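Numbering (the numbering used here), first residue to last: 11 to 231.
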């Protein structure tokens, strides 16, 4: 039996993508069990594999973990990506929660109705540049270290890089006013495990196309 974590989700980004990123950053190989049709999801529910009847779900260390944040926290704790004490963990969680809010805004854009897409993206990019990115620029400035918390790579750094790159997909010059975030992006992108995950052919998922959106709707609605 394989000891690799098994990730149950559709073949797209969604709420599983930060989990893929964190496992990759930790250098952990994982298997993906793609939900390709409604029946696949119904089978998982019928088998009792989904605690709250929903995915993401990750099989790891004999557990079937649900809820994205719980999964991320477990992986971070297991692979020493969660700070050195409670204070550092609190900061990591605080930053990560803000990032998850922003992630939801950006991630949900392709799934908006056609008549609301433009306004949704404008709102998301406005919050990105005026609410969220200034926070992390200031954190890096005040902290004066290579990473967001302590001087140790953590899940907060992984999640921030993911969001920086996602935001650039929608607005390539979005980091123009954030020199420290630009340097952070370059620095963290060159960590060997991350660099590998950013190469073509990795398990990182692309920006969803319309066909991916339609398929997801068929599965989950």
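By construction, the Cβ of each residue, glycine as well, lies at the ideal position given by its N, Cα and C atoms.
Note that the structure is predicted; figures quoted are calculated from it, not measured.
Roughly how many angstroms lie between the CA atoms of residue i and residue j, to the nearest whole one?
i: residue 45; j: residue 21; result: 7 angstroms
i: residue 40; j: residue 31; result: 11 angstroms
i: residue 206; j: residue 85; result: 19 angstroms
i: residue 134; j: residue 121; result: 13 angstroms
i: residue 54; j: residue 182; result: 39 angstroms
i: residue 209; j: residue 157; result: 22 angstroms
i: residue 229; j: residue 152; result: 45 angstroms
i: residue 119; j: residue 38; result: 29 angstroms
i: residue 132; j: residue 104; result: 25 angstroms
i: residue 231; j: residue 154; result: 46 angstroms
i: residue 188; j: residue 56; result: 48 angstroms
i: residue 193; j: residue 49; result: 45 angstroms
i: residue 13; j: residue 83; result: 19 angstroms
i: residue 124; j: residue 130; result: 10 angstroms
i: residue 164; j: residue 195; result: 14 angstroms
Take residue i and list the residues in its own chain whose beta-carbon comes closer than 6 angstroms to its own, dropping the five residues that flank it on each side.
i: residue 225; result: none
i: residue 176; result: 116
i: residue 19; result: 26, 65 and 66
i: residue 70; result: 15
Could you spell out where the beta strand (DSSP E) holding residue i opens and where it closes?
i: residue 18; result: 16-19
i: residue 68; result: 67-70
i: residue 75; result: 73-76
Once the 5 residues before and after residue i are set aside, which same chain residues still bring their CB inside 7 angstroms of it?
i: residue 144; result: none
i: residue 11; result: Below a pLDDT of 50, predicted positions are generally treated as unreliable, and residue 11, at 42, falls in that range; no measurement from the model is reported.
i: residue 199; result: 171, 205 and 208
i: residue 139; result: 184
i: residue 33; result: 15, 40 and 85
i: residue 197; result: 156
Just to confirm the assignment, what range does the alpha helix (DSSP H) spanning residue i have?
i: residue 106; result: 96-117
i: residue 44; result: No alpha helix (DSSP H) contains residue 44, which is instead part of the beta strand (DSSP E) from 41-44.
i: residue 131; result: 127-137
i: residue 145; result: 143-153
i: residue 191; result: 189-199
i: residue 55; result: 48-56
i: residue 32; result: 27-35
i: residue 167; result: 165-180
Going by beta-carbon coordinates alone, are residue i and residue j separated by less than 7 angstroms?
i: residue 173; j: residue 109; result: yes
i: residue 112; j: residue 142; result: yes
i: residue 15; j: residue 169; result: no
i: residue 81; j: residue 166; result: no
i: residue 215; j: residue 23; result: yes
i: residue 160; j: residue 98; result: yes
i: residue 147; j: residue 191; result: yes
i: residue 179; j: residue 217; result: yes
i: residue 76; j: residue 52; result: no
i: residue 35; j: residue 203; result: yes
i: residue 68; j: residue 150; result: no
List the whole-angstrom C-beta distance separating residue i from residue j, where the pair is believed to meet the contact cut-off of C-beta under 8 angstroms.
i: residue 107; j: residue 213; result: At roughly 25 angstroms, the Cβ-Cβ gap does not stay under 8 angstroms, so residue 107 and residue 213 are not in contact.
i: residue 162; j: residue 94; result: 7 angstroms
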